[in-house]
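Taking my numbering, the leading residue of the sequence shown gets 16, the next gets one more, and so forth.
Working notes for the structure below.
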Amino acid sequence: MLEVAEAQHRGLDLCMQRLTSSLYGLMDAALVNEDGHLPTLTIDSFLMEVHVISIITCCRWLLSLAADVDANVLLHSIKKNEDEGPNKYEKELKQLQQQLQQDSSNGLLPFPCIGLQQQL
């Protein structure tokens, strides 16, 4: 479980780095040119489009990783708190698994989730 959590946190860190880089790139895509008197705004639409797509992809990855982290934390807490009763989180876990499978079948996840790989 510790190795899975570390891998997920590394993935979250990488996503945040990429998201930050894309946001800075988006700001750089709008360049201010001074033609002598007044500054004019020149927008590189291709670069803006590339960075917006990257931002959207990063947000999808972050949502997917966050759901994966939540599912694994829930699984770990079930194993840890077996004294309280095994059915306490079962309904919520099944709901998260169904949502994850539905998102995966709809192609909303940009990469395979660890929770789905463990089920297979």
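Backbone N, C-alpha and C define an ideal beta-carbon position, used for all residues, glycine too.
From a predicted model like this one, the values you see are computed outputs, not experimental measurements.
Residue i and residue j closer than 7 Å at C-beta
i          : j           : result
residue 79 : residue 37  : no
residue 45 : residue 62  : no
residue 19 : residue 121 : no
residue 32 : residue 84  : no
residue 26 : residue 66  : no
Residue i classed as buried or exposed, judged by whether at least 16 other C-beta atoms fall within 10 angstroms
i          : result
residue 17 : exposed
residue 59 : exposed
residue 29 : exposed
residue 73 : buried
residue 57 : exposed
Rounded Cβ spacing between residue i and residue j (contact assumed at less than 8 Å)
i           : j          : result
residue 115 : residue 82 : 6 Å
residue 107 : residue 89 : 7 Å
Helix, strand or coil at residue i [DSSP, three-state]
i           : result
residue 24  : helix
residue 104 : coil
residue 135 : Since pLDDT at residue 135 reaches only 49, below the 50 mark, its modelled position is unreliable, and the value read off the structure follows with that caveat. Residue 135 falls in the coil class under three-state DSSP.
residue 123 : coil
Identity of the residues DSSP links to residue i by a beta bridge
i          : result
residue 58 : 45
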